[in-house]
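Chains E and A, in that order, are what the protein sequence lines are. Heads up: the first sequence begins at 14 in our numbering, then just goes up one per residue. Heads up: the second sequence begins at 339 in our numbering, then just goes up one per residue. Note that CB positions come from ideal geometry on N, CA and C, so glycine has one too. This one's a predicted model, so the numbers in the text were calculated from it and none came from an experiment.
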Amino acid sequence: MTFNANHPILFIFVGAIIALVLAQSFYFLFKSIKRAKQLGIAKETIKKTISASAIFTIAPAVAILVGVVALSKSLGIALPWLRLSVIGSITYETVAAGNALEAAGMSAATTITDPSIYITIAWVMTIGIAAGLILVPFATKKIQSGVNKIGMKDKKWGEIFNNAMFLGMISAFLGYVFCDVGAVISGDTSGLIPVCVMAVSAVVMAICGLTSARFKIKWLTDYALPMSLIIGMASAIPFNMLLGGN
Amino acid sequence: MKKKNLSYIDSVHRDGRIWGIIVGGVIIAFPIVLSIIFGAFPNLSILAKGLLATAPMYWAVGIIEIFTYVPMLGAGGTYLSFVTGNISNLKLPCAIDAMERANVKSNSEEGEVISTISIAISSIVTTLIIIVGVICIVPLTPVLESPVLEPAFDMILPALFGGLAVVFISKNLKLSIAPVVLMLALFIFVPALNASTVGIMVPVGVIFTVIVARILYKKGIL
């Protein structure tokens, strides 16, 4: 078959894989909702979880779509569509494809016409992040039962341990927000943009939290995270103009 | 696929493994299928160069991520997230927020189901948005690539973790001081720490915070 990065057969295969992944999500969705009902979790809580998760997902999903568009220039639409709907993340797939294109001596702006290069790039993107995909089915149960033992003996410590994990992860990402701040000394203020965006998002979250507690507006806390996310992202536009990202 | 006398969590592990092996196998088989249909084979020297630049780092991060994220995502959430991807920038914050609002802990069965529901919904919505985007790629491209919007899409992580940090730090003020100070100092003063190495720093932050928590708990401060 003559190769073309947007060949219809690619879309058929990619579409089939994505349908399979969707089926897996629906399977676990129905399974967990059924269990939630058995556990006596209020219907309202389940509904809120569904609607808030869906709304929260919109902005990050659009950002992922931006990654598909960027990669489609060199790889066609099908491969980026697959890679960004499964396993990887925007950061990973862009880096992996970039490394493979660079190894092939190609730029990210020209569409690949050589099937061998296209397949090579598909391999790099697939193998480069396969660790999680291969290990998760075999390691998850062991890790989970190991960690659960920590909370069993001492319930209070179990809760603190749980909070400590989340805080540790969040603090790593907070640190990351400040990673380019050092460049301010040499006159490059663009490192302050993520710090300002984070501050805006934090302030929006704090206002939502305080207002909903003061005036008992429950829906405000349900949508506080998507609101702080979107307002934070939007604030990047004026901050970028002021502090000069480009 | 049903067996008797299997606890919910065990059945999640069984189904998660089956799905994981099937979906993982299909994803890994995709490049092989490409070779067969187009009758072309990978260029080994480019493959080696590309992998050398990509795999060592992402395999290391991937293995570390499993150990760090399984306790936070729960079993069902893990099986789904590691197939659908975008964990730290989407699935994990989504699940954390859902558990926080439902007032359940990730190490309880209630936390397990709430986390799974939120990650399943998030995966489905992401997939659907990308499908719509791919269908409308021609009219959408100028909007998505507009230089005005670009900084907003680049700033998703700071915008996400600013809000999450407020929720968690305000509830655990005493415990958060040490890890936040440590991470700020590391990221500001160690130039090698940046967007691509943050994945390695997550477990460092988690282990450090758990140790600090243990010390504070033993001293009766928490």
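Asked	Found
Amino acids of chain A, ordered along the chain, whose beta-carbon sits closer than 8 Å to that of E:Lys61	Arg439 and Ala440
CB contact check: E:Asn19 to chain A, cutoff 7 Å	no
Residue from E:Thr126, E:Pro150, E:Ile230 and E:Ala49 whose Cα sits closest to the Cα of A:His351	E:Pro150
CA-to-CA distance, E:Asn176 to A:Arg552, given in whole angstroms	12 Å
Pairwise C-alpha distance: A:Val486 and E:Phe252	11 Å
Local Cβ density within 10 Å of A:Met493, reported as buried at 16 or more and exposed below that	buried
Listed by chain order, chain A residues near E:Lys229 by CB distance under 7 Å	Ordered by position in chain A, no residue passes the 7 Å Cβ test against E:Lys229, which lies about 15 Å from the chain.
Beta-carbon contacts of A:Met339 that lie in its chain and below 7 Å, excluding the five residues immediately before and after	Per-residue confidence for A:Met339 stands at a pLDDT of 49, beneath the threshold of 50, marking its modelled position as unreliable; the derived number appears in the next sentence. Contacts found: Asp353.
Closer than 7 Å to chain A by CB, E:Pro251	no
Below-7 Å beta-carbon distance, E:Val190 vs any chain A residue	yes
Any C-beta of chain A under 7 Å from that of E:Ser129	yes
CA-to-CA distance, E:Trp232 to A:Ile545, given in whole angstroms	35 Å
Where the alpha helix (DSSP H) containing E:Ser225 begins and where it ends	Leu205 to Phe228
Whether A:Pro496 touches E:Ile132 by CB criterion (7 Å)	no
Contact between the region 516-530 of chain A and the region 132-146 of chain E (3+ Cβ pairs under 8 Å)	no
Within chain A, partners of E:Lys162 - CB distance below 8 Å	What E:Lys162 touches in chain A: nothing, since even the nearest Cβ is about 10 Å away.
Limits of the unbroken alpha helix (DSSP H) element including A:Lys443	No alpha helix (DSSP H) holds A:Lys443; DSSP gives it neither H nor E.
Beta-carbon proximity of E:Ala116 to A:Lys509, cut-off 7 Å	no
A:Pro489 vs E:Ile250 beta-carbon contact at 7 Å	yes
7 Å CB neighbourhood of A:Ala458 in its chain, flanking five on each side removed	Leu418
Stretch pair the region 203-220 of chain E + the region 442-455 of chain A: three plus CB contacts closer than 8 Å	no
Cβ pair count under 8 Å reaching 3, the region 459-471 of chain A against the region 26-39 of chain E	yes
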